[in-house]
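Undergrad: Numbering (the numbering used here), first residue to last: 251 to 469. C-beta: ideal position from N, C-alpha, C; glycine also. This one's a predicted model, so the numbers in the text were calculated from it and none came from an experiment. What follows is a structure written as structure tokens; I'll ask about it next.
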């Protein structure tokens, strides 16, 4: 998406009604007229509120259709197709302007996710917890890959996973339950448990927490 947006931003489109340069916007999910897609995830749209098409469109729509609305000129990138698209208000499409910096951040996150996924197959042999933690703490990552990462916690058996996982809101109860069970298994394999008062790790048979000095019930 980022590459296409950057390529389209090099194109220059001008509104035939006001001669202002068109703005690259994200396309609405549905074609206003027939319910079909536009064939492009981006559109060039005239956002000039002083454009004659937009200014005169209000009276035309009211007189013709009996409701409030106007038109904005729109062109499809890398195409000669253009439309006068009906809009309901002045704010139409002003919130859909392509934000290149936001796309760059989204693309960067996606690339990091791909790198982490590629490392999953060999992470147990390499004793590499990093890709597993990345996927589990990235709530935007693919759900199936997050579940796969959770399944690798027990084979990795690394206590270093506990603190970052305890401090994260996973946004998914199923993932959270899988991680909770994995942490319990890891702690048991190291003969440890979490202090119910300070959450630090102590030995299963400990009677007093060495961190907060609170007395502990038998496990």
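Where does residue 402 sit, in a helix, a strand or coil, going by DSSP?
TA: In the structure shown, residue 402 sits in coil (DSSP, three-state: anything other than H, G, I, E or B).
Undergrad: With distance defined between alpha-carbon atoms, name the residue in 302, 278 and 331 nearest to residue 346.
TA: The shortest C-alpha separation from residue 346 is found at 278.
Undergrad: Quick one: grab the DSSP three-state call for residue 453.
TA: Residue 453: strand per DSSP, three-state reduction.
Undergrad: Looking at C-beta atoms only, is the number of pairs between the stretch 328-336 and the stretch 354-363 that lie closer than 8 Å three or more?
TA: The answer is no - the stretch 354-363 does not touch the stretch 328-336, with fewer than three Cβ pairs under 8 Å.
Undergrad: On a Cα-Cα basis, can you pick out the residue from 464, 440 and 454 that is closest to residue 448?
TA: Of the candidates 464, 440 and 454, the one whose C-alpha sits nearest the C-alpha of residue 448 is 464.
Undergrad: Got a sec? Which residues, its chain only, sit under 6 Å from residue 291 by beta carbon, not counting five neighbours each side?
TA: Counting only Cβ-Cβ distances below 6 Å, and skipping sequence neighbours, we find 277.
Undergrad: Verify whether the separation of the beta carbon atoms of residue 252 and residue 353 is less than 8 Å.
TA: A contact, by the Cβ cut-off of 8 Å.
Undergrad: From the DSSP secondary-structure annotation, give me the bridge partner or partners of residue 336.
TA: Its beta-bridge partners are 321.
Undergrad: Between which two residues does the alpha helix (DSSP H) holding residue 424 run?
TA: Per DSSP, residue 424 belongs to the alpha helix (DSSP H) from 423-439.
Undergrad: Around the C-beta of residue 405, are 16 or more other C-beta atoms found within 10 angstroms, so that it is buried, or is it exposed?
TA: Exposed, since its Cβ has fewer than 16 Cβ neighbours within 10 Å.
Undergrad: On the three-state DSSP scale, how would you describe residue 272?
TA: The answer is coil: DSSP assigns residue 272 none of H, G, I, E or B.
Undergrad: Rank 462, 460, 461 and 455 by C-alpha distance to the C-alpha of residue 468 and give the top, closest one.
TA: Among 462, 460, 461 and 455, the Cα nearest to that of residue 468 belongs to 455.
Undergrad: Counting Cβ pairs, one atom from each stretch, are 3 or more of them under 8 Å apart for the stretch 293-308 and the stretch 365-384?
TA: Counting Cβ pairs under 8 Å, fewer than three are found: no touch.
Undergrad: In three-state DSSP terms, what is residue 314?
TA: If DSSP states are grouped into helix, strand and coil, residue 314 belongs with the helices.
Undergrad: Rounding to the nearest angstrom, what Cα-Cα distance links residue 381 and residue 254 in this structure?
TA: Spanning the two alpha carbons is a distance of roughly 29 Å.
Undergrad: Which residues mark the beginning and the end of the alpha helix (DSSP H) in which residue 379 is found?
TA: Per DSSP, residue 379 belongs to no alpha helix (DSSP H) and is neither H nor E.
Undergrad: Going along the chain, which residues of its own chain have a beta-carbon closer than 6 Å to the beta-carbon of residue 324, five neighbours each way excluded?
TA: 293, 295, 333 and 335.
Undergrad: Output the distance between the C-alpha atoms of residue 358 and residue 351, rounded to the nearest integer angstrom.
TA: Those two C-alpha atoms are separated by around 10 Å.
Undergrad: Rounded to a whole number of angstroms, what is the C-alpha to C-alpha distance between residue 305 and residue 269?
TA: So the two alpha carbons sit approximately 14 Å from each other.
Undergrad: Looking at residue 271: is its Cβ nearer than 8 Å to the Cβ of residue 262?
TA: Contact: yes.
Undergrad: Whole angstroms are fine: how far does the CA of residue 264 sit from the CA of residue 284?
TA: Low confidence applies here, because residue 284 scores a pLDDT of 42, under 50, leaving its location unreliable; read the following figure in that light. If you take the alpha carbons of residue 284 and residue 264, they lie about 26 Å apart.
Undergrad: Starting from residue 295, trace the beta strand (DSSP E) both ways and give me its first and last residue.
TA: From DSSP, the beta strand (DSSP E) with residue 295 extends over 292-295.
Undergrad: Mapping DSSP to helix, strand and coil, what is residue 442?
TA: Strand.
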